[in-house]
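Following: one structure in structure tokens, then a few remarks.
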Amino acid sequence: MVVGTMNEEQVDLLFHAMADTTRRDIVNRTMTEDYSVSALARCYTMSFAAVQKHVAVLERAGFVTKHPNGREQLVRANPGTVRTAHGLLEELEELWRDRIDRMGEILAEPETGEAE
19 MVVGTMNEEQ VDLLFHAMAD TTRRDIVNRT MTEDYSVSAL ARCYTMSFAA VQKHVAVLER
79 AGFVTKHPNG REQLVRANPG TVRTAHGLLE ELEELWRDRI DRMGEILAEP ETGEAE
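When we follow my numbering, the leftmost residue of the sequence shown carries the number 19, and every step to the right adds one.
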């Protein structure tokens, strides 16, 4: 169970990081190739500093890592963290499916009380 291996703060970091369109796009872009922050900044209509902040949020959550390449820092997605987030969502889905199944069972049970 993924949730059992993470504390609530870590789970919050993951979902906060994925709650923004730009951050999700940065993860998607860096899954296929490494980008410098300046190259990423050219992909968006926002400042370099804003993109740098998005990358920092993703890095804190573990969705990306940075590694040096000469004078640049290249951003690379971490597929393991994406799998972890996927696992968390699967657990939530399973929980709700179990609840829905249980509601169906309760509704299918014959009434035990008699109407007066």
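Glycine residues also receive a C-beta, built at the ideal position from the N, C-alpha and C atoms.
Bear in mind the structure is a predicted one, so any value in this text is a computation, not a measurement.
Quiz item: From Asp52 to Leu32, what does the alpha carbon distance come to, in whole angstroms?
Solution: Approximately 21 angstroms between the Cα atoms of the pair.
Practice problem: Going by CA-CA distance only, name the one from Ala37, Ser54, Ile124, Gly80 that's closest to Pro86. | Solution: Of the candidates Ala37, Ser54, Ile124, Gly80, the one whose C-alpha sits nearest the C-alpha of Pro86 is Ser54.
Quiz item: Taking just the CA atoms, how far does Leu58 sit from Val20?
Solution: Low local confidence applies: a pLDDT of 48 at Val20 is under 50, so the model's placement there is unreliable, with the coordinate-based value given in what follows. Going from the Cα of Val20 to the Cα of Leu58 covers about 31 angstroms.
Practice problem: Kindly indicate which residue of Ile44, Glu27, Thr23 has the alpha-carbon position closest to the one of Asn96. | Solution: Checked all of Ile44, Glu27, Thr23; the closest Cα to Asn96 is Ile44.
Quiz prompt | Cut-off 7 angstroms between Cβ atoms - residues of its own chain near Thr48, not counting five sequence neighbours on either side | solution = Excluding sequence positions up to five before and after Thr48, its CB lies within less than 7 angstroms of the CB of Val82, Val93, Arg94, Ala95, all in the same chain and listed in chain order.
Quiz item: Taking the Cβ atom as the reference point for each residue, do Arg143 and His72 lie within a distance shorter than 7 angstroms?
Solution: Because the chain is modelled from 19 through 134, residue 143 falls outside the range shown and cannot be assessed.
Self-check item: Exposure label - Ala67; buried when at least 16 CB within 10 Å
Solution: With fewer than 16 Cβ atoms within 10 Å of its Cβ, Ala67 is classed as exposed.
Practice problem: Measure the Cβ-Cβ separation of Ala35 and Ala79 and say whether it is below 7 angstroms. | Solution: With respect to the 7 angstroms criterion, Ala35 and Ala79 are classified as neighbours on the basis of their beta carbons.
Self-check item: Rounded separation between Leu106 and Glu27 - CA only
Solution: Going from the Cα of Leu106 to the Cα of Glu27 covers about 14 angstroms.
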